[in-house]
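Here is the structure we will look at.
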């Protein structure tokens, strides 16, 4: 068992609807957003992306993955960072829905 595994990845959160979250868990993959062909994630579980759905998909992304910081959106909280990553770099770990 690699005890350094947690240090090789960053954890992010993807907001979506419950049906999409269920599909993501079944397939283990996030579908890329068109036209960017990237996956949208936030570093905050309870951040400003709530409008995208009440379900949260937790993902891990290797620290070495190249992402695009898209935090210039005015809905981003000051301590929140939004990213786009290539779907191949995103590993789904779990999902849940808020009540």
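Numbering (our numbering), first residue to last: 715 to 813.
Idealized CB from N, CA, C, for every residue including glycine.
As the structure is a computational prediction, the values presented were derived from the model and not from experiment.
Hey, would you say residue i sits closer than 8 Å to residue j, going by beta carbons?
| i | j | result |
| --- | --- | --- |
| residue 725 | residue 774 | yes |
| residue 753 | residue 798 | yes |
| residue 806 | residue 764 | no |
State the CB to CB distance for the pair residue i and residue j, rounded to an integer number of angstroms; the pair is presumed to be in contact (CB under 8 Å).
| i | j | result |
| --- | --- | --- |
| residue 794 | residue 756 | 6 Å |
| residue 803 | residue 779 | 4 Å |
By Cβ distance below 7 Å, which residues in the same chain neighbour residue i in space, the five residues on each side in sequence not counted?
| i | result |
| --- | --- |
| residue 777 | 722, 723, 724 |
| residue 759 | 727, 770 |
Measuring from the CB of residue i, is there a heavy atom of the ligand GDP at a distance below 7 Å?
| i | result |
| --- | --- |
| residue 752 | Of the ligands one can find in the structure shown there are none, so the ligand GDP has no counterpart to examine. |
Which residues in the same chain as residue i place their Cβ atom closer than 8 Å to its Cβ, once the five residues preceding and following it in sequence are excluded?
| i | result |
| --- | --- |
| residue 767 | 729, 730, 731, 732, 734, 735 |
Which first and last residues belong to the beta strand (DSSP E) in which residue i is found?
| i | result |
| --- | --- |
| residue 734 | Not the beta strand (DSSP E): residue 734 falls in the alpha helix (DSSP H), residues 732–741. |
| residue 805 | 805–811 |
| residue 760 | Residue 760 -> no beta strand (DSSP E), and no H or E assigned at all. |
Can you find the residues in the same chain that come closer than 6 Å, C-beta to C-beta, to residue i, ignoring five residues on each side of it along the sequence?
| i | result |
| --- | --- |
| residue 782 | 798 |
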